[in-house]
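Have a look at the structure below, then the notes.
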Amino acid sequence: MEYGFLGYRSTFMLDFVVSALILIVPLLLFSLYSVKIKRNFALHKKLQILLGAVLLVAVAAFEVDVQIMHGGWENIVNQRETPLTPEQFNYVRNVLYVHLVFAVTTPLFWAATLFLALRRIPNPPAPCAHSSLHKKLGWISTIDITLTSLTGLYWYYTAFVSSV
Ligand code: HEM
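For the record, in the sequence shown the residue sitting at position 136 is 135 according to numbering that gives the first Met the number 0, with numbers rising by one throughout.
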């Protein structure tokens with residue numbers, strides 16, 4: 000497949016990550032519903048570990064594709080049929096910088112939340128002395144990944160979809 004599968008002049012992995020970013024939000028909402036409303040701590044634990052693994056694989060494959068296979072995002076954006084004007088290109092670059100603020104901090108918060116939860120929350124999982132810190136870290140990670148997803152999707156839109 001020369002380009003991505005979403006119908007734009009993107010790449011397969013970029014489209015894969017965009018799809019993963021869309022899927023992550025409902026899965027995360029379901030995990031929070033499980034823990035907050037249903038108090039099903041074991042399901043929440045499984046879902047959060049699964050989400051972490053999916054994110055790790057998607058981001059690693061994506062970085063290999065963008066940096067090693069294509070030599071940077073600029074080369075992928077330049078595959079467009081109608082090239083971006085210099086102003087549009089600058090705008091796309093600025094949107095990417097905003098996205099990167101969230102995209103870089105999310106794995107750090109996610110890893111810290113997961114690592115501490117696995118070490119400090121009992122097995123089977125239940126409320127404990129670590130709950131208060133876990134809830135704070137958990138909500139920061141949740142908001143961070145949601146912003147990563149929204150800004151990432153907006154970047155994809157500005158880079159490949161708008162003014163085609
Ligand atoms: C990065 C991964 C994780 C995130 C983002 C996350 C997020 C959250 C959030 C936001 C809450 C608070 C819900 C509320 O406001 O009531 C919560 C609660 C909880 N989480 Fe996680 N979680 C993660 C991983 C885990 C893991 C691996 C475990 C088990 C080892 C776990 C066990 C719990 C438990 C037991 C509660 C309930 C705490 C209480 O109500 O006292 N979480 N989680």
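Virtual Cβ for every residue (Gly too), placed ideally from N, Cα, C.
(1) Looking at residue 37 and ligand 1, is the gap between the Cβ and the nearest heavy atom below 7 Å?
(2) Could you spell out where the alpha helix (DSSP H) holding residue 130 opens and where it closes?
(3) Quick check on the burial criterion: 16 or more other C-beta atoms within 10 angstroms. Buried or exposed for residue 159?
(4) Apart from the five residues on each side of it in sequence, which residues of its chain come closer than 7 Å, Cβ to Cβ, to residue 157?
(5) Along the chain, where does the alpha helix (DSSP H) containing residue 35 start, and where does it finish?
(6) Under 8 Å by Cβ, that's how I've got residue 46 and residue 30 pegged, so tell me the actual separation to the nearest angstrom.
(7) Can you give me the Cβ contacts of residue 51 inside the same chain, cut-off strictly under 7 Å, excluding the 5 residues immediately before and after it?
(8) Relative to the alpha-carbon of residue 13, which residue among 132, 61, 66 has its alpha-carbon at the smallest distance?
(9) In the DSSP assignment, the alpha helix (DSSP H) including residue 97 goes from what residue to what residue?
(10) Closer than 7 Å by C-beta to residue 44: which residues in its own chain qualify, once you throw out the five before and the five after it? Chain order, please.
(11) For residue 144, which residues in the same chain have their Cβ closer than 6 Å to its Cβ, ignoring the five residues on either side in sequence?
Judging by the given coordinates:
(1) Numbered from its first residue, the sequence shown carries residue 37 at position 38. Checking every heavy atom of ligand 1 against the Cβ of residue 37, none is found closer than 7 Å.
(2) Against the sequence shown, residue 130 aligns to sequence position 131. Residues 130-155.
(3) As a position in the sequence shown, residue 159 is number 160, starting the count at 1. Classification of residue 159: buried, given that the 10 Å Cβ count is 16 or more.
(4) Along the sequence shown, one-based indexing puts residue 157 at 158. The answer, listed in chain order, is 90, 91, 94.
(5) Here residue 35 refers to the residue found at position 36 of the sequence shown. From DSSP, the alpha helix (DSSP H) with residue 35 extends over 11-35.
(6) As a working note, residue 46 is residue 47 in the sequence shown. As a working note, residue 30 is residue 31 in the sequence shown. So it is a contact: roughly 4 Å between Cβ atoms.
(7) Mapped onto the sequence shown, residue 51 falls at position 52. 109, 113.
(8) Your numbering for residue 13 matches position 14 in the sequence shown. That would be 61, whose Cα lies nearest to the Cα of residue 13.
(9) Reading the sequence shown from its first residue, position 98 is the one you call residue 97. Its alpha helix (DSSP H) spans residues 85-119.
(10) On the sequence shown, position 45 is the one that residue 44 refers to. For residue 44, where only same-chain residues beyond five positions count, the Cβ hits under 7 Å are 124.
(11) Locating residue 144 in the sequence shown gives position 145, counting from the first residue. Answer for residue 144: 105, listed in chain order.
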